[in-house]
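Novice:
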Amino acid sequence: MATLLYSATMSLDGFIAGPDGDMSWLTEHLGPNPDVDGLVGDIGALLVGNRTFRGDDPNRGTSQEGAFGGVWSGPQFVLTHDLPAAPVPGVTFVTDLGAAVEAATAAAGDKYVNMLGADVAAQCLDAGLLDEILVCVAPVMLGDGVRLFSRPGGDRVRLERISLTHVPHATNIWMRVVR
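23 is the number that the numbering used here gives to position 19 of the sequence shown; each next residue is one higher, with no gaps.
1) Within its chain, find whatever has a CB closer than 6 Å to the CB of Val144; leave out the 5 residues flanking it on each side and keep chain order.
2) Is the distance from the Cβ of Ala12 to the Cβ of Cys128 below 9 Å?
3) Secondary structure at Gly48, three-state DSSP: helix, strand or coil?
4) Shortest alpha-carbon distance to Gly78 belongs to which of Glu164, Ile47, Arg55?
5) Determine the extent of the beta strand (DSSP E) in which Thr84 is found, giving its start and end residues.
6) Consult DSSP for Val95 and reduce its assignment to one of helix, strand or coil.
7) Just checking my contact of Val44 with Val95 at CB under 8 Å: how many whole Å lie between their CB atoms?
8) Below 8 Å on the Cβ atoms is my guess for Thr109 versus Ala6; work out the distance and round it to an integer in Å.
9) Can you name the start and end residues of the alpha helix (DSSP H) that Glu106 belongs to?
10) Should Thr99 be labelled buried (16 or more other beta-carbon atoms within 10 Å of its own) or exposed?
11) Which of helix, strand or coil does DSSP assign to Arg180?
12) Do Leu83 and Leu133 have their beta-carbon atoms positioned less than 9 Å apart in this structure?
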């Protein structure tokens, strides 16, 4: 059965995107990362939030545009209440969290369903569906923007560290959600 993983690069002060979803800050913090590079082949499907899907790609217009610097390809499921007028090749739009998770896990098989987007990850966490979190902490503070998790009034969530690794441009923290 698929494992639901939320992966993101985050500033030291907890932001995965700058104000208005700006992702340009990320380009100087990308580079070879054995944890992420190894993960890409283990991803069977993406579960993407609408804001992330329609948002800023720091590699837009280059050969590295798309998920994981353009090296990942496969089924994508976008959780949204704003369905597009025209179909997007390779993308399935789903309006219900349960249906989106069910479709993504079926497509992923025994691989990871990798979540992209803070809101969809928070929804999965709140629903008890999130299994693991991989955060690449970049050596920068953005001061404002989209937080890795924003759960005002949320309950404490216990995590268990799977691994901690250092690469020149980030510190990777991989954790399991303890249930």
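Backbone N, C-alpha and C define an ideal beta-carbon position, used for all residues, glycine too.
Specialist: Reading it off the structure:
1) Residue mapping note: residue 144 aligns to position 140 of the sequence shown, counting from 1. Ser15.
2) On the sequence shown, residue 12 is found 8 positions in, with the first residue counted as 1. On the sequence shown, residue 128 is found 124 positions in, with the first residue counted as 1. Not closer than 9 Å, so no.
3) Translated into the one-based positions of the sequence shown, residue 48 becomes position 44. If DSSP states are grouped into helix, strand and coil, Gly48 belongs with the strands.
4) If you number the sequence shown from 1, residue 78 lands on position 74. Gly78 has its Cα closest to that of Ile47, out of Glu164, Ile47, Arg55.
5) As a first step, residue 84 must be located in the sequence shown, where it is residue number 80. Thr84 -> no beta strand (DSSP E), and no H or E assigned at all.
6) For the purposes of this step, residue 95 is taken as the residue at position 91 of the sequence shown. Three-state result, Val95: strand.
7) Here the question's residue 44 lines up with position 40 in the sequence shown. Here the question's residue 95 lines up with position 91 in the sequence shown. No, Val44 and Val95 are not in contact; Cβ-Cβ is about 18 Å, not under 8 Å.
8) As a position in the sequence shown, residue 109 is number 105, starting the count at 1. As a position in the sequence shown, residue 6 is number 2, starting the count at 1. In this structure Thr109 touches Ala6 by the C-beta definition: roughly 4 Å separates them, less than 8 Å.
9) Counted from its first residue, the sequence shown places residue 106 at position 102. If you look at Glu106, you'll find it in the alpha helix (DSSP H) that goes 101-112.
10) Here residue 99 is taken as the residue at index 95 of the sequence shown, counted from 1. Looking at its Cβ environment, which holds fewer than 16 other Cβ atoms inside 10 Å, Thr99 is exposed.
11) Position 176 of the sequence shown, counted from the first residue, corresponds to residue 180. Strand.
12) Here residue 133 refers to the residue found at position 129 of the sequence shown. Here residue 83 refers to the residue found at position 79 of the sequence shown. No, these two residues do not count as a Cβ contact at 9 Å.
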